[in-house]
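Report on one structure; see the data block that follows.
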Amino acid sequence: MIRKFAAIFFLALLASQASAQGAFPDQPTILYTHQQYGGFLLNSRGFGGFFTYGKYQNASKIFLMHADLAFVKHEKEEKRYSADPNARGYFYGKLNSFTVVHAGIGYKKIVTEKLRKNGVQLSYNWLAGPAFGFTKPIYLEIFYPPTSSIDQYRIEVERYDPSIHYIDKIYGRSSGLRGFNQIKFHPGGFAKFGVLVEYANYRDGLKGIEVGAQLDVFATKIPIMAEKILEEQDQSAKNHQIFPSVYLNFFFGKKYNKI
C-alpha cells in the first residue's frame, strides 16, 4: 500500500511539472486569505468524514484547523449470518462499536502551485491534537428455542455477552440505536501526515485526494472485541491502545478572501 501512495505522489509531481511548463507567464496571480474543504475519509481501520479550515500565513504556508468523525474497526471483525435470510448480519465477538472524533491543528505547505486551469497542485500537511473516543455496547437478537411442546421459539434483544451468547444462539444484529445511554469515553491523541494532490478546474476551487499515515494513541486499551473470542481465533490478537493506519481522503471546497 505504501508503494501505491508513493506512485501517486510521483505521478502527481510529474503532472504538476508538466502543467507548469505549459502555463502562461503573464497570468495574473490571485492571493487568497482563507480556504475550507471537507469530504470523505477511508483508512485501513475504518471510514468517516472531515472538515478543514485554513488561513494563509503566506503564499505557500497555510495554518489548518481540522475536525473529523471516524468509525474504527478491529482487524479481526468478521461478519456472519444466521440460517435465517431475514436476520441481519453481525460481527461475532464484537463487544462495542468504536467512534473517534479528532480535533487538530497543523500546517499545509504548497510544494508546486497550480498555474493553469487544468494543472495540478501538490502540497503536504501535518496535523496533531486530541482524539475523543467513544464505545457503545453491541446488542444482538438472541434465539431461544421452545422449552415445551406448547411453547414457541422467541427472540430477545440483549447486550452481547460472550460468556453466554454462543454462536448457535445468535439470531442477528439488533438496532444500532440501542446502547446510547451506555456510551463510555476514551481520551487520547493523534498525529498525521499527508500528501495532497489538488486538481480543481477553477481558480478558487479545491478538489482532490490526500494520502498519508496517522497514529492514534488512547489512555487505555479499547474493548472493541471480546478477548475470549480473540484468543480462540488467534493467540496473538488483542484489543489495542495504539492505532496506526494509512488513509485516503477525497475532498472538495474553496479558497476565498476574507477581510
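Note that our numbering has the sequence shown beginning at 197, numbered continuously upward. Heads up, the beta-carbon is just placed ideally off N, CA and C, and yes, glycines get one too.
- For the pair Pro-333 and Arg-355, the CB atoms are nearer than the 8 Å cut-off.
- By the C-beta density criterion, Gln-317 is buried, having at least 16 other C-beta atoms within 10 angstroms.
- DSSP places Lys-305 inside the beta strand (DSSP E), whose first and last residues are 292-308.
- Distance check between Gly-408 and each of Ile-418, Leu-402 and Lys-388 places Lys-388 closest, using alpha-carbon atoms only.
- In the three-state DSSP reduction, Glu-271 falls in the coil class, being neither helix nor strand.
- Its Cα nearest to that of Ser-371, the residue Ser-293 stands out among Gly-250, Ser-293 and Gln-253.
- In summary, Glu-406 is buried, with 16 or more beta-carbon neighbours lying within 10 Å of its beta-carbon over all protein chains present.
- Nearest in C-alpha terms to Pro-440, of all of Val-268, Gln-253, Tyr-228 and His-230, is Val-268.
- DSSP, read as helix, strand or coil, puts Leu-336 in strand.
- By the neighbour-count definition (other C-beta atoms within 10 Å, threshold 16), Arg-241 is a buried residue.
- Taking 3 residues as the shortest admissible run, the region 393-430 contains the following complete beta strand (DSSP E) segments, listed from N- to C-terminal end: 401-414.
- Across the set Lys-290, Gly-329 and Thr-248, the C-alpha of Gly-329 shows the shortest separation from the C-alpha of Asp-412.
- Here the alpha carbons of Gly-449 and Phe-246 stand approximately 12 Å from one another.
- The straight-line gap separating the alpha-carbon atoms of Phe-386 and Gly-285 is approximately 32 Å.
- When only Cα atoms are considered, Pro-341 and Lys-403 end up about 55 Å apart.
- Check the Cα spacing between Thr-416 and each of His-262, Lys-290, Leu-227 and Phe-381: the tightest is with Phe-381.
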